[in-house]
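In this text, residue positions in the sequence shown follow the UniProt record's numbering: the first is 1, and each later residue adds one.
We treat Cβ as the ideally placed atom computed from N, Cα and C, and that holds for glycine.
Here the structure is a predicted model, which means the values were calculated and not measured.
In what follows, a structure is listed as structure tokens, so that the remarks can point back to it.
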Amino acid sequence: MNKYKKPLPTPDMDTREYWQGCQRHELLMQRCKDCGTYCFPPMPMCHRCNSMNREWGRVSGKGKVYSWFVVHHATHPDFVDEVPYAVVLVELDEQADLRIPSNVVDCRIEDIEAGMPVEVVFEDVTDDITLPKFRPVR
């Protein structure tokens, strides 16, 4: 499984729970225990009320494409064979401004559109890292 050559995220103290959830094929989001706001990317304090009282919880993994762009020129040598590819910003159903960048799989680039319903799928790229991606809801 360790043949994956593209750059990978490096989990840190703020993101470790998120990446561990991905390994279990669960999409976890940080949530403020005081005001209930979800937060992504994970951070030490709530971006709404500045509370440091936070917890992790599983979210549905369902949402809609909020925005996207198409990469036509590889900025890293390990992505040369992938271009063109789409990078999407998915707004999760749990909260209007809860957005996560990712890729859409099982979909032609020209079929991606704003508001398209998607659901999370997981790609186990190494023994330690699993990437969340999204596919159209059929």
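By the beta-carbon neighbour count (other beta carbons within 10 angstroms, threshold 16), arginine 24 is exposed.
The C-alpha of aspartate 34 is placed about 30 angstroms away from the C-alpha of phenylalanine 122. Note that the C-beta distance between methionine 52 and leucine 98 is not below 8 angstroms. Burial check for proline 132: the Cβ neighbour count within 10 Å reaches 16 or more, so the residue is buried. Between the alpha carbons of glycine 57 and arginine 31 lies a gap of roughly 7 angstroms. Excluding its 5 nearest sequence neighbours in each direction, arginine 108 has no C-beta neighbour in its own chain below 8 angstroms. In the same chain as methionine 116, and ignoring 5 residues on each side of it, the C-beta atoms closer than 7 angstroms to its own belong to Lys64, Val65 and Pro136, in chain order.
A direct Cα-to-Cα measurement between tyrosine 4 and aspartate 81 gives close to 13 angstroms.
Minimum Cα-Cα distance from proline 41 among the listed residues Val71, Met13, Phe79 and Asp128 corresponds to Met13. Counting only residues of its own chain and dropping the five nearest sequence neighbours on each side, arginine 54 has a CB closer than 8 angstroms to the CB of Gln30, Arg31, Cys32, Lys33, Cys39, Met45 and Cys46. Boundaries of the alpha helix (DSSP H) harbouring cysteine 22: 16-23, taken from the DSSP string.
Note that the C-beta distance between valine 120 and isoleucine 112 is not below 8 angstroms.
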